[in-house]
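Trainee:
Residue numbers (my numbering): 1194 to 1509.
1) In this structure, does DSSP put residue 1324 in helix, strand or coil?
2) Compare the C-alpha of residue 1325 against each of 1419, 1461, 1255 and name the closest.
3) Taking just the CA atoms, how far does residue 1307 sit from residue 1227?
4) Please say whether residue 1261 and residue 1336 have beta carbons closer to each other than 8 Å?
5) Suppose you measure from the CA of residue 1248 to the CA of residue 1354; what does that come to, to the nearest Å?
6) Is DSSP giving residue 1254 helix, strand or coil here?
7) Does the beta-carbon of residue 1306, which I'm using as the reference point, lie nearer than 7 Å to any heavy atom of the ligand GDP?
8) Which term fits residue 1363, buried or exposed, when burial requires 16 or more other beta carbons within 10 angstroms of its beta carbon?
9) Rounded to the nearest angstrom, what separates residue 1453 and residue 1274 at their Cα positions?
10) Can we say the stretch 1469-1484 touches the stretch 1337-1349, given the rule of at least three CB pairs closer than 8 Å?
11) Tell me, please, whether the stretch 1312-1328 touches the stretch 1422-1440 by the rule of three or more beta-carbon pairs shorter than 8 Å.
12) What three-state label does DSSP hand residue 1448 in the structure shown?
13) Kindly indicate which three-state DSSP category residue 1291 falls into: helix, strand or coil?
14) Nearest CA to the CA of residue 1304: which residue from 1293, 1314, 1488, 1349?
15) Compare the beta carbon distance of residue 1422 and residue 1466 with 8 Å and say whether it is the shorter of the two.
16) For the beta strand (DSSP E) containing residue 1282, list its first residue and its last residue.
17) Leaving aside the five residues before and after residue 1444 along the sequence, list all residues of the same chain whose C-beta is less than 7 Å from its C-beta, in chain order.
18) What's the C-alpha gap between residue 1376 and residue 1484?
19) When you compare only the Cα positions, how much space is there between residue 1372 and residue 1366?
20) Taking the alpha carbon of residue 1333 as the reference point, which residue from 1480, 1455, 1379 has its own alpha carbon closest?
21) Grouping DSSP H, G and I as helix and E and B as strand, with all else coil, what is residue 1230?
22) Would the beta-carbon of residue 1331 fall within 8 Å of that of residue 1258?
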């Protein structure tokens, strides 16, 4: 697989991905959270969990799609654990080289690795991975996400309970330094947008200019299982039937905003979306989307879901 050549005399296109160089961890720095849970909330969540039906676990009826981009240096141990936690795993590699395939042939014989052009993007890769699996529940995750113990079981238990009608369950994302990433939220409104900007500014001031700080620090982080409007796509368990019902993930989004778009479309279709802080994931967040691509995604998202979306009806 080769990169597309640029026409003679033209400027090379801006890369869709740009690497982020990460310095060594900074010890002793964390993000204090407001205690959003009351005793009643905790008791309610425990009671609800106790009522969940006992049935086949993720090792029997869940698959996993791992979207990789030059992750071969650290993904081996994560794949090894994941292959013991779900029924099947497929790796969609956007690296445009053979390093991931070589790793799989040496360490994971039989693991399906599919190489796609980088410009397909994360959500196109997830859609392709889901099509290649046949399990009713699918864990979609970044190649630089490290699942903590029981994360898969927690997300699966959230989504497999039929009476909750849940179509997507998201994990609590933290950086390698323990700083919480913004992992869930609600449909955007003007007031919520203003609050988000203010909270981000305050959190950046509190944590200082940390080179490894998440791009979106968590200003909303419930401590118990919570119904929300969207969860982050770095580690998201989805239902196949709901994925099919809403037409899959929108492949026009390359990396940013696609997870929020997908979850909001699920909510509009009557499905539930939940955030489970017991499912913890360390997110290295190694790559970023090019500015022009991210700006176009934000513009598309605002037209589809923003508070002034009625002004853009009939437009792309």
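The C-beta atom is built at its ideal place from N, Cα and C for all residues, glycine as well.
Mentor: Per the coordinate set shown:
1) Working through the chain shown from its first residue, we reach residue 1324 at position 131. Helix.
2) Numbered from 1 along the chain shown, position 132 holds the residue referred to as residue 1325. Answer by Cα proximity: 1255.
3) Here residue 1227 corresponds to residue number 34 of the chain shown, with the count starting at 1. Here residue 1307 corresponds to residue number 114 of the chain shown, with the count starting at 1. With a pLDDT of only 41 at residue 1227, under the threshold of 50, the placement of this residue in the model should not be trusted; the figure read from the coordinates follows. About 43 Å.
4) Here residue 1336 refers to the residue found at position 143 of the chain shown. Here residue 1261 refers to the residue found at position 68 of the chain shown. Yes; because the gap between Cβ atoms is below 8 Å, this pair is in contact.
5) Translated into positions along the chain shown, residue 1248 becomes position 55. Translated into positions along the chain shown, residue 1354 becomes position 161. Straight-line Cα distance between these residues: approximately 9 Å.
6) Within the chain shown, residue 1254 is the residue found at index 61, counting from 1. Here residue 1254 sits in helix by DSSP.
7) Ligands are entirely absent from the displayed structure, and the ligand GDP is therefore not among its contents.
8) One-based indexing of the chain shown puts residue 1363 at position 170. Counting Cβ neighbours within 10 Å, residue 1363 comes out buried, since at least 16 surround it.
9) Sequence index remark: in the chain shown, residue 1453 carries index 260 (1-based). Sequence index remark: in the chain shown, residue 1274 carries index 81 (1-based). Distance between the alpha carbons of residue 1453 and residue 1274 is about 28 Å.
10) yes
11) yes
12) One-based indexing of the chain shown puts residue 1448 at position 255. Residue 1448 falls in the coil class under three-state DSSP.
13) Within the chain shown, the letter at position 98 stands for residue 1291. Note: residue 1291 maps to coil in three-state DSSP.
14) Taking the first residue of the chain shown as 1, we reach residue 1304 at position 111. Of the listed residues, the one whose Cα sits closest to residue 1304 is 1293.
15) Reading the chain shown from its first residue, position 229 is the one you call residue 1422. Reading the chain shown from its first residue, position 273 is the one you call residue 1466. Closer than 8 Å, so yes.
16) For the purposes of this step, residue 1282 is taken as the residue at position 89 of the chain shown. 1281-1286 is the extent of the beta strand (DSSP E) around residue 1282.
17) The residue given as residue 1444 occupies position 251 in the chain shown. Shown here for residue 1444: same chain residues with a beta carbon closer than 7 Å to its own, the five before and five after excluded, namely 1314, 1316, 1317, 1320 in chain order.
18) On the chain shown, position 183 is the one that residue 1376 refers to. On the chain shown, position 291 is the one that residue 1484 refers to. A straight-line Cα-Cα distance of about 21 Å links residue 1376 and residue 1484.
19) Numbered from 1 along the chain shown, position 179 holds the residue referred to as residue 1372. Numbered from 1 along the chain shown, position 173 holds the residue referred to as residue 1366. If you take the alpha carbons of residue 1372 and residue 1366, they lie about 9 Å apart.
20) Taking the chain shown and counting its residues from 1, one reaches residue 1333 at position 140. Comparing Cα-Cα distances from residue 1333 to each of 1480, 1455, 1379, the minimum goes to 1455.
21) As a working note, residue 1230 is residue 37 in the chain shown. Unreliable positioning characterises residue 1230 in this predicted model, as indicated by a pLDDT of 47, which lies under 50. A coordinate reading is not provided.
22) In the chain shown, the residue the question calls residue 1331 occupies position 138. In the chain shown, the residue the question calls residue 1258 occupies position 65. Yes, they are a contact pair.
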